[in-house]
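Trainee: Take the sequence shown: its position 291, counting from 1, is numbered 304 in our numbering, and each next residue is one higher. Glycine included, C-beta positions come from ideal geometry on N, C-alpha and C.
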Amino acid sequence: MKRTKIASTARIPLAESLLLEGDVSDVLPRLPDESIQCVVTSPPYWGLRDYGINGQIGLEETLAGYLQKLTGLFSEVRRVLRPDGVLWLNIGDGFTSGNRGWRAPDKKNPNRAMSVRPDNPPGLKDKDLLGVPWRLAFALQADGWFLRSDIIWHKPNVMPESVKDRPTRSHEYLFMLTKSERYAYFPEAVMEEAEQGRRNRRTVWSINTAPSLGAHVASFPPELVEPCILASSQPDDFVLDPFFGVGTVGLVARRHRRRFVGIELNPEYVTEAERVLSSVVNGVPKRNGIHYPEPKHEHQPAFLEPSGKYRVRTRRDS
Ligand SMILES: C[S@@+](CC[C@H](N)C(=O)[O-])C[C@H]1O[C@@H](n2cnc3c(N)ncnc32)[C@H](O)[C@@H]1O
Numbered sequence: 014m015k016r017t018k019i020a021s022t023a024r025i026p027l028a029e030s031l032l033l034e035g036d037v038s039d040v041l042p043r044l045p046d047e048s049i050q051c052v053v054t055s056p057p058y059w060g061l062r063d064y065g066i067n068g069q070i071g072l073e074e075t076l077a078g079y080l081q082k083l084t085g086l087f088s089e090v091r092r093v094l095r096p097d098g099v100l101w102l103n104i105g106d107g108f109t110s111g112n113r114g115w116r117a118p119d120k121k122n123p124n125r126a127m128s129v130r131p132d133n134p135p136g137l138k139d140k141d142l143l144g145v146p147w148r149l150a151f152a153l154q155a156d157g158w159f160l161r162s163d164i165i166w167h168k169p170n171v172m173p174e175s176v177k178d179r180p181t182r183s184h185e186y187l188f189m190l191t192k193s194e195r196y197a198y199f200p201e202a203v204m205e206e207a208e209q210g211r212r213n214r215r216t217v218w219s220i221n222t223a224p225s226l227g228a229h230v231a232s233f234p235p236e237l238v239e240p241c242i243l244a245s246s247q248p249d250d251f252v253l254d255p256f257f258g259v260g261t262v263g264l265v266a267r268r269h270r271r272r273f274v275g276i277e278l279n280p281e282y283v284t285e286a287e288r289v290l291s292s293v294v295n296g297v298p299k300r301n302g303i304h305y306p307e308p309k310h311e312h313q314p315a316f317l318e319p320s321g322k323y324r325v326r327t328r329r330d331s
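(1) What residue range does the beta strand (DSSP E) around Ser219 cover?
(2) Return no unless some Cβ of chain D is closer than 7 Å to the Cβ of Val274.
(3) So, does the segment 278-292 touch the segment 248-259, judging by three or more C-beta pairs under 8 Å?
(4) Is Leu149 closer than 7 Å to Leu100 when the C-beta atoms are compared?
(5) Determine the burial state of Pro26: buried for a count of at least 16 other Cβ atoms within 10 Å of its Cβ, exposed for fewer.
(6) Please report the distance separating the alpha-carbon of Tyr196 from that of Ser162.
(7) One question on the structure: do Leu264 and Ile49 come within less than 7 Å of each other, judged by their Cβ atoms?
(8) Indicate the three-state DSSP secondary structure (helix, strand or coil) for Val176 in the structure shown.
(9) According to DSSP, simplified to helix, strand and coil, what is Arg148?
(10) Following a CB-centred definition, is Asp36 positioned closer than 6 Å to any heavy atom of ligand 1?
(11) For Ala23, does the count of other Cβ atoms within 10 angstroms reach 16, so buried, or fall short, so exposed?
(12) Given a cut-off of 7 Å on the beta-carbon distance, is the pair Asn103 and Ser38 in contact?
(13) For Gln154, which residues in the same chain have their Cβ closer than 6 Å to its Cβ, ignoring the five residues on either side in sequence?
(14) Which residues in the same chain have their Cβ closer than 7 Å to the Cβ of Gly68, if we skip the five residues on either side of it in sequence?
(15) Report the three-state DSSP secondary structure of Leu80 (helix, strand or coil).
(16) Beta-carbon within less than 8 Å of Val217's beta-carbon, same chain only, minus the 5 sequence neighbours each way: which residues are those?
(17) Measuring from the CB of Leu160, is there a heavy atom of ligand 1 at a distance below 6 Å?
(18) In whole angstroms, what separates the C-alpha of Lys192 from that of Asp156?
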């Protein structure tokens, strides 16, 4: 697999889909201004998982530090977004640690064990819900984003929790944010079925969590990504996921003939994303070295560019 090194100050030209391995803080500043039509992403949640890699987001000592970090990164996302572009942001919540300083491994989710857990944020008590999604939404709004909608991602098949003193959480938030007051939105592309025909999409989306497409503990179900891409981009547009994981956003983008830019810190996930993207796109296996033409019709299979062209290594140019 060919990996291309890029000088630290160089802007990365966007012509075809790219899978960029590196820290989002280093990579995002190199993307061209106003080049992306739609962003669909899910940053690591605060204090929830240790992905075991230096530079990972989510292990900030304070909630304020986490919110500040993300607000800064999303301001860079706003720079690369076209004026009529849309950001779809999925973000999860959590509870205070009760100043326990660690979390024991969970049998079903061993990497939820944390050797360090942050103290309760100022003003919050033991067992308080953190309210991270709305805190982040308000911080982004204050930073200049238009907060256009909150969407409840209802998970009908959510895993049971061992709690007995509150309801089991079965939802997460997805926020729709825009750079401008007016923006590209295609309501017909995401109409939902109703008793009397079809109607405008509602704000509660019931979507089962799905087994990961690759070896990732927290990948998107493609069904969550699809309406976001269809509602706010058109064929050939660029769709960005700055926390690409195993590439679900790239996969859905290519299925709908959009180009994608994926940024991911963890080289193992980058390798998984390559595998997912090259072998699962509409079930059509990648054929190395040949540049496939874009499909002419929506239902024709989409192909990936040859791998050497879309994987670019940017991690501090080492
Ligand atoms: C919630 S997961 C995203 C999963 C993705 N939506 C998918 O479907 O596979 C967050 C991802 O952000 C990555 N990540 C964490 N810190 C990062 C950083 N500083 N730069 C780039 N990626 C980072 C993690 O490795 C992880 O894969």
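Mentor: Put simply:
(1) Where Ser219 is concerned, the enclosing beta strand (DSSP E) stretches over Val217 to Ser219.
(2) Here chain D cannot be found, since the structure has a single protein chain.
(3) Short answer: they touch.
(4) Leu149 is positioned such that its CB atom lies no closer than 7 Å to that of Leu100.
(5) By the neighbour-count criterion, in which 16 or more other beta carbons inside 10 Å mark a residue as buried, Pro26 falls on the exposed side.
(6) Between the C-alpha atoms of Tyr196 and Ser162 there is a straight-line separation of about 13 Å.
(7) Their beta carbons are not under 7 Å apart, which means Leu264 does not touch Ile49 by this criterion.
(8) Val176: coil per DSSP, three-state reduction.
(9) In the three-state reduction of the DSSP assignment, Arg148 falls in the helix class, which pools H, G and I.
(10) Checking the Cβ of Asp36 against ligand 1 gives yes.
(11) Exposed: under 16 other Cβ atoms inside 10 Å.
(12) The answer is no: Cβ separation not under 7 Å.
(13) Within the same chain, Gln154 has close Cβ partners Leu160.
(14) For Gly68, where only same-chain residues beyond five positions count, the Cβ hits under 7 Å are Asp36 and Leu278.
(15) Collapsing the DSSP output to three states places Leu80 in a helix.
(16) Excluding sequence neighbours, Val217 sits near Ile164, Ile165 and His167.
(17) Not under cutoff, so the answer is no.
(18) CA-to-CA, the gap between Lys192 and Asp156 works out to about 11 Å.
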